[in-house]
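Undergrad: Questions regarding the structure given below will be posed in turn.
Numbering (my numbering), first residue to last: 16 to 799.
The following block contains the structure:
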């Protein structure tokens, strides 16, 4: 068995049915169905074509994993090389139904979904990706993006390790904005639907919209019906674990003697789900709509929260991250329990208990101990090779529960208590705690108090119904004119709408009631931060930052909730003043409190580069790559470091470009001898604009103009370029006092097509406002 995982990147041609994007902005879709600024993809056709995709293939000799970054980061295939079969449901040609948030959706493989309910807005889009070889011989592929709905970032890493049957995923979510945003993350895996399919779920109750009372059913048996069996469900059904008692779940095919399992800490990943279209004719219709071969599928899904109607709010400049694993098992007749290393099944025959173990990684010299009623029935040492079932038969002494433990190097690799109920053997999870899912027992009645109106407002915010939330805040204030939480809610609502003065006024009202209120200090600071960052003066830098945001932010540096974000914003304000040493100090203090803030790391490198400390800048960027290699500012700063002295806007000393890290030396990728990463990271032109906006926020207008030139070179097609790039470049020139250059860029922008140009950022609005100030007759700027 190889001690190193191999990786290769190749072009893969797949047959697919064409779908087209709608050039008109979907402004009518709001709330939970909002997709603007993404175009709809609802023109699904029956035209079969062939499409070329970039495929990243990881292979450890046990599993061969094929990921398509060009296709939403789907894991298209996981091939079990030992049994020569697909682990998941592989569906070709790619066939689409109108199911996703934007329309077209394909069933098959593994799909990552963020940040709102439904098949995600990027499910068919090209995503940034990055490949890394790790010191332990494993290989990790990163896919993700800065999505446009909230401007938050998500990254999913996919890792294969040597001699390991597990497909490891790590989810990393980063709210890189100053606002609270709702989040949702579900991993959707399609598996074949067969009559011998059984859903394995360690819980006693499920949320179900078809079974049980009030949407809650017993599991697995509800009123004499076995909900774990695929054949039970005649109509479309989803089941969500309500009281998850163990860290695993999955499915098993009894006739094939093969299964697919998942493992994750249930206190970090609350959600486990089964979805089926059902076996009746109306469900079978979807099988034919989504698969040319007419092969039905089920979905087994894991989610951050307990079910897909649940969203939660993520604070500004914070990170959430967790680990999951997916893996096949076979040859053990089913599964009663799984740890992160070993799956076990148990079957009773009269006075004997047969245990079957399936190790996911080699477990040599393991000690298996079986006890019943306080007496040791068996203690033996066994080798558990990875991917090879091992059986052990034990003589029982009655019907008392049996405890099974596997020790590996004095560590517990597996332990489970088994209940013996006649011939049935099942795990005893009665004393295992379930996650706190944070759902009310009853739906909220019509609010009558300030607190109930605040809870209603939060519910609306979690659904992205921001105007309805604002109305609830007003209702709370009508009952309690000094309700600080409602004032802060309205401050954020106005600031999200770009209404900085109104936001400041509400924050100041809250501070008049409680001068130490942290949320009010934050919103006051953010209103001032946006004012100073988007003024309309035709000078260069703003000079000294006004006292209001600085004093409010320093007051927040004592806050456990806001300190990391406050120091990060203080660092950005220092960059606006060209005070790079103070900026470095502030970013360092921010990173002490939130080491995962990849934006702060990249901006630290910017400050170090401006100080001429290229070694420190490179070190910070290498660290940023370890945290999130898809951070856009990482790659813009790496580009500037490599090309310093060649029109990058730096006035510091010249020097040789730093050595390129091994993780970006992939000469065998077929992408040229030197891959700077820009082609892989900036696959979406909006990421160029995101980076420009990040530089605008720190007043780096010269850097904006240089980065615009890089973006234009990469994105220009037949003389056409996204006009928003030109508008932002013109804005930067205007801020530097270069009016003639700004006007030339505006004239170029006016010649561009508005098709598929959907501005959505506060910075976009400012750039367009300045364009109209300079040329009130700019029809395109008026339209956008």
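Yeah, the Cβ is synthetic: ideal placement off N, Cα and C, and Gly gets one too.
(1) Would a C-beta distance cut-off of 8 angstroms place residue 100 and residue 124 closer than the cut-off?
(2) Closer than 8 angstroms is the cut-off here; do at least three beta carbon pairs connect the stretch 326-336 with the stretch 353-360?
(3) Which residue or residues does DSSP assign as beta-bridge partners of residue 442?
(4) With distance defined between alpha-carbon atoms, name the residue in 409, 464 and 480 nearest to residue 493.
(5) If you measure between the beta carbons of residue 613 and residue 587, is that distance less than 8 angstroms?
(6) Is the beta carbon of residue 258 less than 8 angstroms from the beta carbon of residue 316?
(7) So what's residue 208 in DSSP terms, helix, strand or just coil?
(8) Using a Cβ-Cβ cut-off of 6 angstroms (strictly less than) and excluding sequence neighbours within five positions of residue 131, which residues of its own chain qualify?
(9) Hey, quick one: how far does the alpha helix (DSSP H) through residue 700 stretch, first residue to last?
(10) Would you call the stretch 381-390 in contact with the stretch 410-420, where contact means no fewer than 3 C-beta pairs closer than 8 angstroms?
(11) Give me, in chain order, the residues of the same chain whose beta-carbon lies closer than 7 angstroms to that of residue 495; leave out the 5 immediate sequence neighbours on both sides.
(12) Any idea which residues DSSP pairs residue 199 with across the strands?
(13) Can you tell me the Cα-Cα spacing of residue 247 and residue 269, whole angstroms?
(14) Pick helix, strand or coil for residue 376, following the three-state DSSP scheme.
(15) Within 10 angstroms of the Cβ of residue 543, are there 16 or more other Cβ atoms? Answer buried if so, exposed if not.
(16) State the DSSP-derived secondary structure class of residue 35, mapped to helix, strand or coil.
(17) Does the stretch 363-376 touch the stretch 339-348, meaning 3 or more C-beta pairs lie closer than 8 angstroms?
(18) On the three-pair Cβ rule with 8 angstroms, is the stretch 693-708 touching the stretch 725-742?
(19) Is residue 165 helix, strand or coil when you go by DSSP?
(20) Alpha carbon to alpha carbon, how far is residue 558 from residue 631?
(21) Three or more C-beta pairs closer than 8 angstroms, one from the stretch 184-194 and one from the stretch 61-75: is that the case here?
(22) Span of the alpha helix (DSSP H) holding residue 465?
(23) Which residues in the same chain have their Cβ closer than 7 angstroms to the Cβ of residue 56, if we skip the five residues on either side of it in sequence?
(24) Consult DSSP for residue 95 and reduce its assignment to one of helix, strand or coil.
(25) How about residue 267 and residue 213: do their beta carbons lie closer than 8 angstroms?
(26) For residue 159 and residue 143, which I take to be in contact (beta-carbon distance under 8 angstroms), what is that distance rounded to the nearest angstrom?
(27) Within 10 angstroms of its Cβ, does residue 94 collect 16 or more other Cβ (buried), or is it exposed?
(28) Is the beta carbon of residue 477 less than 8 angstroms from the beta carbon of residue 163?
(29) Tell me, please, which residues DSSP counts as bridged to residue 263.
(30) Roughly how far, in whole angstroms, is the beta-carbon of residue 322 from the beta-carbon of residue 255, given that I think they are within contact range, below 8 angstroms?
(31) Assuming contact is defined by CB atoms lying nearer than 8 angstroms, are residue 633 and residue 656 in contact in what I supplied?
(32) Tell me whether residue 836 sits in a helix, a strand or coil according to DSSP, three-state version.
(33) May I have a chain-ordered list of the beta strand (DSSP E) segments no shorter than 3 residues that lie completely inside the stretch 97-162?
(34) Let's see if you can read the secondary structure: which residues bound the alpha helix (DSSP H) around residue 751?
(35) Based on Cα-Cα distance, which residue from 275, 253, 208 and 392 lies nearest to residue 306?
(36) Excluding the 5 residues flanking residue 97 on each side, which residues of the same chain have their C-beta closer than 7 angstroms to its C-beta?
TA: For this structure:
(1) no
(2) no
(3) 433
(4) 464
(5) no
(6) no
(7) coil
(8) 199
(9) 700-712
(10) yes
(11) 465
(12) Paired residues: none, contrary to the question.
(13) 15 angstroms
(14) coil
(15) buried
(16) strand
(17) yes
(18) yes
(19) coil
(20) For residue 558, the predicted structure reports a pLDDT of 47, less than 50, and the residue's modelled location is therefore unreliable. The matter cannot be settled from this model.
(21) no
(22) 465-477
(23) 34, 36, 117, 118, 119 and 139
(24) strand
(25) yes
(26) 7 angstroms
(27) buried
(28) no
(29) 278
(30) 4 angstroms
(31) yes
(32) There is simply no residue 836 to check, as the chain begins at 16 and stops at 799 in what is shown.
(33) 111-115, 118-121, 125-128, 144-148 and 154-161
(34) Note, residue 751: premise wrong, no alpha helix (DSSP H); not H, not E.
(35) 208
(36) 77 and 402
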